[in-house]
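Residue numbers (our numbering), protein chains in the order written: chain A, 1 to 473; chain B, 1001 to 1155.
Printed below as a string of structure tokens:
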């Protein structure tokens, strides 16, 4: 008799998803799928809207990474307008994107994953949450909420709102930075630096406990994609994309947003509403790749900030060539937070940062435009078509979770095959399978704001689809 | 962390969900009340209470949580003392007052001397702007009782 195990919902993720494992007659895992079960419909209902409304509309996709959507969308609009935004506007956008990256990575690392890392994958599930971390590791708990506040407060100072700020618009930003706000941000830097350095130190001290997880959490050769600057340093807002293979060789370089849609395809699988993005030249699924912190650090030669550069040098010693284990997404995330804090301080020292010229204006000069940015969890591309009056006729979004979709599914299968033995399950095993997905920090639909209190339901089904067992927690 | 604030008011609600917006409305009232009296009151209004607020709570001598309630009669006003919860559940996007107090205790090794939950019974929290007739009618009483609660914290 074969069995299907369903983990629904997967907890401590941004959004709603479920995992199914199909076991063969011997109790070995035959297939594994990560299902994204929501339909959002943003691409469809934006049709008919005026293109310059798109950034504010698209930001509503997500409550955690709205800034990335604002930037990718605004850049797509600027391609339609055929304008180059002022230097100061570009710097201010970059700062807001970094602030968002810091607060989102802090949420992922401290709130969602640190219970597994600090309390243990097999620890009591009723205590395996941020409250358990706060009780046992208060200093790290304070660092986590401090970094969240750091990022959120910068977003609020720049955009007036912590979530869904309307400050980033086609052509630049709506308001320049004041000296008072600049100084307020600078005052927060030392505490944020100390918090992230504490997290990095603590993380390095505990990774020896996770040999099996490092070996079997989506640890396989793959391509990696991310933004990079001309000097081969990390980039989140501008630059162009580079695709490397599992050995670090450059497969494609200088991929602009416009070129992205020419070289990348989207596949559909019947078990998920999220698309599977792949490099067309290699076909599907061979052309799939990974994005996000692990990919970005594998691609770049430098973080462009001194403390993060020192950490990057150590990170690159983890493996001979690109780091393949997705467990190391956690480590990469921490290094990116360090870079974010350092880089924000550098941006604020730009002599033009208080300049008042922060917005370019124009009408419709092209009927199609694309924009790209790095969201905390990976590359994000918006592509729009408009009519002569600027009304949207078509939109296509390629988001990080779609770009990582194939790798997440491969990773769940790899982990399930190693940890599930003879069809036997335990809470610790199921938690590990969920934790594979958490390493990628996918953003399924965080605008629902409805996770965290849902029960975990595991169902065992026989080959006729009849439920033979059920476990809840 | 040393306390440096007499009273922190944490209001919760969504004005696009009918009576759920009453917390945000009362937060504006508190801001005006505190500005007139130059009282040492800080107001934070959010759609959810999240863990980051623990740091603000740790700095306050007293805290008043304002929210709507769906398990009481529409328009009824309830004020009660709150203590930190012993067993907090694993939510991270939105916390209850007792959970926030527990997190403050664990992270900062202190809680406010006084914590109150001030609620207004909701008739509807469905999509839509504006308050129900029941909650609208209860606003004068809500402001009166909230003022009393504030005075007990700052005087």
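Note that the Cβ used here is the ideal one computed from N, Cα and C, for glycine as well. Values in this document were obtained by computation on a predicted structure and should not be read as measured data.
Beta-bridge partners of residue i, as assigned by DSSP
| i | result |
| --- | --- |
| residue 32 of chain A | A/21 |
| residue 1042 of chain B | B/1008 |
| residue 398 of chain A | A/381 |
| residue 1067 of chain B | B/1119 |
| residue 264 of chain A | A/279 |
| residue 302 of chain A | A/233 |
| residue 172 of chain A | A/169, A/359 |
| residue 478 of chain A | Summary: the structure shown does not reach residue 478 of chain A, with chain A confined to residues 1 through 473, and so no result is reported for it. |
| residue 1078 of chain B | B/1119 |
| residue 250 of chain A | A/244 |
| residue 227 of chain A | A/241 |
| residue 255 of chain A | A/241 |
| residue 1060 of chain B | B/1005 |
| residue 50 of chain A | A/391 |
| residue 149 of chain A | The partner list for residue 149 of chain A (beta bridge, DSSP) is empty, contrary to what the question assumes. |
| residue 1128 of chain B | B/1017 |
| residue 289 of chain A | A/223 |
| residue 1114 of chain B | B/1062 |
Backbone CA spacing between residue i and residue j [nearest angstrom]
| i | j | result |
| --- | --- | --- |
| residue 476 of chain A | residue 1028 of chain B | Absent from the model: residue 476 of chain A. The displayed extent of chain A is 1 to 473, so no value can be given. |
| residue 171 of chain A | residue 149 of chain A | 28 angstroms |
| residue 212 of chain A | residue 1117 of chain B | 47 angstroms |
| residue 272 of chain A | residue 442 of chain A | 14 angstroms |
| residue 162 of chain A | residue 69 of chain A | 15 angstroms |
| residue 67 of chain A | residue 97 of chain A | 6 angstroms |
| residue 332 of chain A | residue 315 of chain A | 8 angstroms |
| residue 361 of chain A | residue 183 of chain A | 29 angstroms |
| residue 1015 of chain B | residue 1151 of chain B | 27 angstroms |
| residue 267 of chain A | residue 1138 of chain B | 55 angstroms |
| residue 1040 of chain B | residue 1120 of chain B | 24 angstroms |
| residue 403 of chain A | residue 393 of chain A | 24 angstroms |
| residue 62 of chain A | residue 391 of chain A | 23 angstroms |
| residue 1012 of chain B | residue 174 of chain A | 28 angstroms |
| residue 1122 of chain B | residue 1057 of chain B | 26 angstroms |
| residue 1048 of chain B | residue 280 of chain A | 43 angstroms |
| residue 433 of chain A | residue 405 of chain A | 15 angstroms |
| residue 1128 of chain B | residue 1030 of chain B | 24 angstroms |
| residue 292 of chain A | residue 75 of chain A | 20 angstroms |
| residue 251 of chain A | residue 299 of chain A | 11 angstroms |
| residue 1068 of chain B | residue 1077 of chain B | 9 angstroms |
| residue 226 of chain A | residue 20 of chain A | 30 angstroms |
| residue 130 of chain A | residue 1080 of chain B | 27 angstroms |
| residue 374 of chain A | residue 168 of chain A | 15 angstroms |
| residue 26 of chain A | residue 263 of chain A | 42 angstroms |
| residue 236 of chain A | residue 34 of chain A | 27 angstroms |
| residue 445 of chain A | residue 41 of chain A | A caution first: residue 445 of chain A carries a pLDDT of 49, below 50, which makes its placement in the model too unreliable to give a value. |
Under 7 angstroms by beta carbon: chain A residues contacting residue i
| i | result |
| --- | --- |
| residue 1071 of chain B | Neighbours of residue 1071 of chain B on chain A: none; closest Cβ ~16 angstroms, over 7 angstroms. |
Partners in chain A for residue i, counting only beta-carbon separations shorter than 8 angstroms
| i | result |
| --- | --- |
| residue 1106 of chain B | 131, 134, 135, 138, 141 |
Contacts of residue i in chain B (Cβ-Cβ under 8 angstroms)
| i | result |
| --- | --- |
| residue 145 of chain A | 1051, 1052, 1054, 1055, 1107 |
Proximal residues of chain A, C-beta to C-beta of residue i below 9 angstroms
| i | result |
| --- | --- |
| residue 1102 of chain B | 131, 134, 135 |
9 angstroms Cβ cut-off: residues of chain B touching residue i
| i | result |
| --- | --- |
| residue 148 of chain A | 1050, 1051, 1052 |
Near the ligand HEM: residue i beta-carbon under 7 angstroms from a heavy atom
| i | result |
| --- | --- |
| residue 294 of chain A | With respect to the ligand HEM, the structure shown offers nothing to examine, as it has no ligands at all. |
Supposed contact pair residue j and residue i - C-beta distance, whole angstroms, cut 8 angstroms
| i | j | result |
| --- | --- | --- |
| residue 1141 of chain B | residue 1074 of chain B | That belief does not hold up - the Cβ atoms of residue 1141 of chain B and residue 1074 of chain B are roughly 13 angstroms apart, past 8 angstroms. |
| residue 115 of chain A | residue 132 of chain A | 6 angstroms |
| residue 145 of chain A | residue 100 of chain A | No, residue 145 of chain A and residue 100 of chain A are not in contact; Cβ-Cβ is about 16 angstroms, not under 8 angstroms. |
| residue 440 of chain A | residue 329 of chain A | 6 angstroms |
| residue 379 of chain A | residue 400 of chain A | 6 angstroms |
| residue 239 of chain A | residue 228 of chain A | 6 angstroms |
| residue 214 of chain A | residue 327 of chain A | 5 angstroms |
| residue 1062 of chain B | residue 1112 of chain B | 5 angstroms |
| residue 1054 of chain B | residue 1107 of chain B | 5 angstroms |
| residue 104 of chain A | residue 71 of chain A | Going by Cβ atoms, the distance from residue 104 of chain A to residue 71 of chain A rounds to 14 angstroms, so no, they are not a contact pair. |
| residue 73 of chain A | residue 58 of chain A | 4 angstroms |
| residue 358 of chain A | residue 86 of chain A | 6 angstroms |
Please go through the segment 314–380 of chain A and give each complete alpha helix (DSSP H) segment of 4 or more residues, from N-terminal end onward.
-> Qualifying alpha helix (DSSP H) stretches, in chain order: 329–348.
Along the chain, which unbroken stretches of the beta strand (DSSP E) at least 3 residues long are found entirely within the segment 197–224 of chain A?
-> Within the segment 197–224 of chain A, no complete beta strand (DSSP E) run reaches 3 residues.
Alpha helix (DSSP H) segments (min. 4 residues) lying fully within the segment 113–142 of chain A = The segment 113–142 of chain A contains, as complete alpha helix (DSSP H) runs of 4+ residues, the segments 130–136 (chain order).
Within the segment 41–92 of chain A, ranges of the alpha helix (DSSP H) (whole runs, at least 4 residues) = If we require 4 residues or more, the alpha helix (DSSP H) runs fully inside the segment 41–92 of chain A come out as 42–45, 54–59, 66–81.
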